[in-house]
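Numbering (our numbering), first residue to last: 215 to 405.
The beta-carbon is built from N, C-alpha and C at its ideal position, and this holds for glycine as well.
These numbers were taken from a predicted model, which means no experiment stands behind them.
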């Protein structure tokens, strides 16, 4: 059973249960969760796929990032994880939070990738908290994206724009920009 079939069965089952039990809002389906460490930084991830009313496969990825206070977006503390196929998650978060301003409550901060329409939402202008003993700033935020129609057996345009290097868009090692922000010499990925 693939992910879309699993989500369809889950929707039908939860709808039937809600009708019988008069249940309220349902808990999102967590397809995967993990914690990864990058030096002194730690990132917790929860992947929550869902089918909307138009059978579009939507994926929400919830993050909790713990990083040295004041280091978000700095080159020495970059995290080689993508928020979408085109934006590094920590640099994208730094651009949304404007962490170099005064911290405080503000309306929801949302940024949309111009290439794939994924959105990053952070409910606070700065970190959720800064640990006194650890000196770690903790950020809670999420990224939402649409991967296209769930019932199609072949990828559609919505799915294709989620690729980091769509057909025809070639990048050389020396020609990276904000959509490919880390130095290939700094991080060594193993296959």
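Buried or exposed for residue 359, going by 16 or more other Cβ atoms inside 10 Å? Label assigned to residue 359: buried.
Complete runs of the alpha helix (DSSP H) confined to the segment 243-316 [at least 4 residues]: Scanning the segment 243-316 for uninterrupted alpha helix (DSSP H) segments of 4 residues or longer gives 303-311, listed from N- to C-terminal end.
Give me, in chain order, the residues of the same chain whose beta-carbon lies closer than 6 Å to that of residue 295; leave out the 5 immediate sequence neighbours on both sides. The beta carbon of residue 295 sits closer than 6 Å to those of 303, all from its chain and outside the five residues before and after it, given in chain order.
So, is residue 351 buried or exposed, given that buried needs 16 or more other C-beta atoms within 10 angstroms? Looking at its Cβ environment, which holds 16 or more other Cβ atoms inside 10 Å, residue 351 is buried.
Where DSSP assigns a beta bridge to residue 358, which residues make up the other side? Bridge partners of residue 358: 274, 333.
For residue 348, which option in 224, 255, 300, 264 has the closest C-alpha, if you only look at C-alpha atoms? For residue 348, the closest alpha carbon among the candidates 224, 255, 300, 264 is that of 255.
Delimiting residues of the beta strand (DSSP E) encompassing residue 325: Counting along the chain, the beta strand (DSSP E) containing residue 325 begins and ends at 323-326.
Contact set for residue 308: own chain, Cβ-Cβ below 7 Å, skip 5 residues either direction: Once the five neighbours on either side are set aside, the close Cβ partners of residue 308 are 286, 287.
Helix, strand or coil for residue 343 per DSSP? In this structure, residue 343 counts as strand in the three-state DSSP scheme.
Compute the beta-carbon to beta-carbon distance between residue 242 and residue 216, rounded to the nearest angstrom, for a pair I have assumed lies under 8 Å. Not a contact, Cβ separation roughly 19 Å.
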